[in-house]
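Trainee:
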Amino acid sequence: MPRKADPTDLIKRVRRGDHAAASRALSLVVDEDASSETLAKEFFKSAGSAQKIGVCGPPGAGKSTLTGRLIGHYRKLKLKVGVLAVDPSSSISGGAFLGDRLRIMEHATDPGVFIRSLASRGMIGGLTHTIFGAIHVLEALGCGKILIETVGTGQDEVDIASVADTVVYVTTPAMGDEIQAMKAGAMEIGDVFVVNKADLAGKDKAVADLKGALGLGRSAGQAPRAWEPPVVATSALNGDGVAELGRELDAHWKHLRDSGEGRERLKRQHATELQFWIQRRVIKTALDRVTDKSLEALLSHKIDPASLGRRLLRN
Amino acid sequence: MTDKPLRILVAKPGLDGHDRGAKVIVRALRDAGFEVIYTGIRQTPGMIAAAALQEGVDAVGLSLLSGAHMTLFPEIVKLLRKKGLKDVLVFGGGIIPDEDMPKLRKAGVDRVFGPGTPLSEIVAYLNGKLRVAA
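Residue numbers (my numbering), protein chains in the order written: chain Y, -15 to 299; chain H, 57 to 190.
#1: Taking one C-beta from the stretch 44 to 63 of chain Y and one from the stretch 116 to 125 of chain Y each time, how about it: are there three or more such pairs within less than 8 Å?
#2: What are the residues of the stretch -9 to 9 of chain Y that lie near chain H, defined by any Cβ-Cβ distance shorter than 9 Å?
#3: Which residue's Cα is closest to the Cα of Leu109/H: Thr112/Y, Arg241/Y, Pro95/Y?
#4: Between the stretch 290 to 299 of chain Y and the stretch 72 to 87 of chain H, do three or more beta carbon pairs fall short of 8 Å?
#5: Count the other CB atoms within 10 Å of the CB of Asp175/Y; is the residue buried (16 or more) or exposed (fewer)?
#6: Which chain Y residues sit within Cβ distance under 8 Å of Val82/H?
#7: Can you tell me whether DSSP reads Gly148/H as helix, strand or coil?
#8: Should Arg85/Y go down as buried or exposed, given a rule of 16 or more other Cβ atoms within 10 Å for buried?
#9: Does the CB of Phe98/Y have a neighbour CB from chain H at under 9 Å?
#10: With contact counted as at least three CB pairs below 8 Å, one residue from each stretch, are the stretch 77 to 91 of chain Y and the stretch 24 to 36 of chain Y in contact?
#11: Applying a beta-carbon distance threshold of less than 7 Å, which residues of chain Y neighbour Met103/H?
#12: What distance in whole Å lies between the Cβ atoms of Leu111/Y and Ile144/Y, which are believed to be in contact at a cut-off of 8 Å?
#13: Checking 9 Å against the spacing of the C-beta atoms, do Leu128/H and Pro101/H come in under that value?
#14: Taking 7 Å as the limit between beta carbons, can you name the residues of its chain near Val179/Y, skipping five residues before and five after?
#15: At a CB-CB cut-off below 7 Å, which residues of chain H make contact with Leu86/Y?
#16: Quick one: what's got a C-beta closer than 7 Å to Glu228/Y's C-beta in the same chain, skipping five residues either side?
#17: Please name the residues in the stretch 139 to 162 of chain H whose beta-carbon is closer than 7 Å to at least one beta-carbon of chain Y, in chain order.
#18: Sort out for me which residues DSSP pairs Arg167/H with in a bridge.
#19: Below 8 Å on the Cβ atoms is my contact criterion, and I expect Leu121/H with Gly150/H to pass it. Report the Cβ-Cβ distance as a whole number of Å.
#20: According to DSSP, Ile178/H sits in a beta bridge with which residue or residues?
#21: To the nearest angstrom, how far is the alpha carbon of Pro153/H from that of Phe169/H?
#22: Apart from the five residues just before and just after Val(-2)/Y, which ones in its own chain have a Cβ nearer than 8 Å to its Cβ?
#23: Rank Ser11/Y, Thr114/Y, Asp149/Y, Val70/Y by C-alpha distance to the C-alpha of Gly246/Y and give the top, closest one.
#24: Report the residue from Gly56/Y, Leu82/Y, Val97/Y whose alpha carbon sits nearest the alpha carbon of Gly230/Y.
#25: Taking Cβ positions, are Ile132/Y and Ala185/Y nearer each other than 9 Å?
#26: Under three-state DSSP, which class holds Arg241/Y?
#27: Using alpha carbons as the reference points, say which of Arg100/Y, Lys(-4)/Y, Asp(-7)/Y, His3/Y lies closest to Arg63/H.
#28: Is there a C-beta anywhere in chain Y that falls below 9 Å from the one on Ala107/H?
#29: Please state if the CB of Leu135/H and the CB of Ala105/H are separated by a distance shorter than 9 Å.
#30: Assign Arg298/Y to buried or exposed, taking buried as 16 or more other Cβ atoms, counted over all protein chains shown, within 10 Å of its Cβ.
#31: Cutting at 6 Å between CB atoms, please list the residues of its own chain near Gly244/Y, excluding the five before and the five after it.
#32: Is the shortest distance between the beta-carbon of Asp166/H and the beta-carbons of chain Y less than 9 Å?
#33: Using a Cβ cut-off of 9 Å (strictly closer), state whether Leu128/H contacts chain Y.
#34: Here's a check: name, in chain order, each residue in its chain whose Cβ is nearer than 6 Å to the Cβ of Lys185/H, leaving out the five neighbours to either side.
#35: Take the Cβ of Ser284/Y as the centre, count every other Cβ of all protein chains shown within 10 Å, and call the residue buried at 16 or more, exposed below.
#36: Does the CB of Ala88/H have a neighbour CB from chain Y at under 9 Å?
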């Protein structure tokens, strides 16, 4: 039941820090409403103003609880925090159970915190198509830190590296030995590694395994990297290590700004945003042209999928 | 975009911790194509209203078995309206005596589902209320 809202008025209210307006703008952007492009154009002006921190890792590693702790950390520093928590949509019903908010309800009534749960809506890779639009709304709202919690897909969640400035990879003492840590995929994109649930046994070995796996590359005679990903042990349960994690996140943000790497990353993020837009547009346009008649033509072998696809894209 | 997924906040205000019912509803709504956000147990009216606002939901479902519904349900509706969420549908479920229903309706709780309500009835109710309005 969308209330009619004047986009200019909405934009002004978001920039003033109005949560109701931000929520409305997020709905329009995420639902890809007809007015969303007008809004997106305006909100894009704020792009790059916040540190976007991607929190990824396998399901159950404690990403949501740790996110809650980080909110607390930043609120102590009087920073305004935005959270985008992505959970999977069902490929069968299209519905979703968005359960991340449950772990961070203690910040629900804090006016300096804005939390929005997003459903992946058919996208694989731990994110959702409209994530950039949502980020820009929170940037316009004045959030200095934006925490993006991905679907817990584990080993292959690399999209977040093209969306976030700083990627936090969360694992636990029970997640396997250094052989797991050597595999390609999500482990390659972490800027800061966290061994969460440090209250459990095996923390020290897990930290050592991770550090060992991260250090292997250097032994092959590679040039030292400008940023060596640190490994931090935290307990989201009791808050241990969260301040240290906060310091490492700040250090990475400083590194990005001082080294020119931040500019490179922002450029890559914009390229990804453009890619998402084109993919959505082209794929949707072509798929909308598929008719039952064209499918019948495939059944009767009058045409093959590649030729049909080519024709649909050309039209 | 009339086929956009509808978003529902399922919330448990008050002090009882019996959230099996709420979880069953969450699961049924997910399977019926809704995007469902669950707050967890023991939430204050303020927390529920803030969550409804930030999540941009179409409806809020309140589950309560402790008997405090006559205090908490109207309080939540009041806060939602105060935050400008005039169109958000509020419904409830739990152990609610029949004689309380008219008063709850008057307070802005559109409908209350008692124990044993078929899940399909709740899904049909929400689709009927929200899809037609949209």
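Just so you know, even glycine gets a beta-carbon here, dropped at the ideal spot from N, CA and C.
Mentor: Short version:
#1: Not touching, per the Cβ criterion.
#2: Near chain H, meaning a CB-to-CB distance below 9 Å, the residues of the stretch -9 to 9 of chain Y are His3, Ala4, Ala6, Ser7, Arg8.
#3: In the second sequence, counting from the first residue as 1, residue 109/H sits at position 53. Ranking Thr112/Y, Arg241/Y, Pro95/Y by Cα distance to Leu109/H puts Pro95/Y first.
#4: Judged by Cβ distances under 8 Å, the stretch 290 to 299 of chain Y makes no contact with the stretch 72 to 87 of chain H, as fewer than three pairs qualify.
#5: As a position in the first sequence, residue 175/Y is number 191, starting the count at 1. Burial state of Asp175/Y is buried, judged by a 10 Å Cβ sphere holding 16 or more other Cβ atoms.
#6: As a first step, residue 82/H is located in the second sequence; it is residue number 26 there, counting from the start. Neighbours of Val82/H on chain Y, chain order: Phe81.
#7: If you number the second sequence from 1, residue 148/H lands on position 92. In the three-state reduction of the DSSP assignment, Gly148/H falls in the strand class.
#8: Within the first sequence, numbered from 1, the residue matching residue 85/Y stands at position 101. By the neighbour-count definition (other C-beta atoms within 10 Å, threshold 16), Arg85/Y is a buried residue.
#9: Sequence index remark: in the first sequence, residue 98/Y carries index 114 (1-based). Chain H places a beta carbon closer than 9 Å to that of Phe98/Y, counting this residue as a contact.
#10: With a cut-off of 8 Å, the stretch 24 to 36 of chain Y and the stretch 77 to 91 of chain Y do not count as touching, because too few Cβ pairs lie within range.
#11: Numbered from its first residue, the second sequence carries residue 103/H at position 47. Neighbours of Met103/H on chain Y, chain order: Met89, Ala92, Thr93.
#12: For the purposes of this step, residue 144/Y is taken as residue 160 along the first sequence, with counting starting at 1. For the purposes of this step, residue 111/Y is taken as residue 127 along the first sequence, with counting starting at 1. Contact between Ile144/Y and Leu111/Y holds, since their C-beta atoms are separated by about 7 Å, short of 8 Å.
#13: In the second sequence, counting from the first residue as 1, residue 128/H sits at position 72. In the second sequence, counting from the first residue as 1, residue 101/H sits at position 45. The Cβ atoms of Leu128/H and Pro101/H sit closer than 9 Å to each other.
#14: Residue mapping note: residue 179/Y aligns to position 195 of the first sequence, counting from 1. Thr155, Thr156, Pro157, Lys187, Ala190, Val191, Leu194, Val215, Ala217, listed in sequence order.
#15: Stepping through the first sequence from its first residue, residue 86/Y is reached at position 102. Per Cβ cutoff of 7 Å: Tyr94, Thr95, Gly96.
#16: Taking the first residue of the first sequence as position 1, residue 228/Y is located at position 244. If we look at Glu228/Y and ignore the five residues flanking it on each side, its Cβ neighbours are Val216.
#17: Result list: Lys139, Gly140, Asp143.
#18: Translated into the one-based positions of the second sequence, residue 167/H becomes position 111. Note: Arg167/H sits in a beta bridge opposite Phe147/H.
#19: As a working note, residue 121/H is residue 65 in the second sequence. As a working note, residue 150/H is residue 94 in the second sequence. Right, the Cβ-Cβ distance comes to about 5 Å (below 8 Å), so this counts as a contact.
#20: Translated into the one-based positions of the second sequence, residue 178/H becomes position 122. Within the DSSP bridge table, the entry for Ile178/H names no partner.
#21: By 1-based counting over the second sequence, the position of residue 153/H is 97. By 1-based counting over the second sequence, the position of residue 169/H is 113. Answer to the nearest angstrom: the Cα atoms are 11 Å apart.
#22: Along the first sequence, read from residue 1 onward, the residue named residue -2/Y stands at position 14. Sequence-distant Cβ neighbours of Val(-2)/Y in its own chain, meaning closer than 8 Å and more than five residues away, are Ala5, Ala6, Ala9, Phe27, Val121, Ala124, Leu125.
#23: Walking along the first sequence from the start, residue 246/Y turns up at place 262. That would be Asp149/Y, whose Cα lies nearest to the Cα of Gly246/Y.
#24: Locating residue 230/Y in the first sequence gives position 246, counting from the first residue. Proximity to Gly230/Y across Gly56/Y, Leu82/Y, Val97/Y peaks at Gly56/Y, based on C-alpha coordinates.
#25: Indexing the first sequence from 1 puts residue 132/Y at position 148. Indexing the first sequence from 1 puts residue 185/Y at position 201. It is not a contact, given that the beta carbons lie outside the stated cut-off.
#26: Taking the first residue of the first sequence as position 1, residue 241/Y is located at position 257. Reduced to three states, the DSSP call for Arg241/Y is helix.
#27: As a position in the second sequence, residue 63/H is number 7, starting the count at 1. The shortest Cα separation from Arg63/H among Arg100/Y, Lys(-4)/Y, Asp(-7)/Y, His3/Y belongs to Arg100/Y.
#28: As a first step, residue 107/H is located in the second sequence; it is residue number 51 there, counting from the start. It does: the Cβ of Ala107/H has a partner Cβ on chain Y nearer than 9 Å.
#29: The sequence position of residue 105/H within the second sequence is 49, counting from 1. The sequence position of residue 135/H within the second sequence is 79, counting from 1. In contact: Ala105/H and Leu135/H (Cβ atoms closer than 9 Å).
#30: On the first sequence, position 314 is the one that residue 298/Y refers to. By the neighbour-count criterion, in which 16 or more other beta carbons inside 10 Å mark a residue as buried, Arg298/Y falls on the exposed side.
#31: Locating residue 244/Y in the first sequence gives position 260, where the first residue counts as 1. Correct list: empty, nothing qualifies.
#32: To locate residue 166/H, count along the second sequence from 1; it is residue 110. No, Asp166/H lies away from the interface with chain Y (no Cβ there is under 9 Å from its Cβ).
#33: Counting from 1 along the second sequence, the entry for residue 128/H is found at position 72. Closer than 9 Å: no.
#34: Taking the first residue of the second sequence as position 1, residue 185/H is located at position 129. Here the set comprises Leu145.
#35: For the purposes of this step, residue 284/Y is taken as the residue at position 300 of the first sequence. Exposed.
#36: Here the question's residue 88/H lines up with position 32 in the second sequence. It does; some Cβ of chain Y falls within 9 Å.
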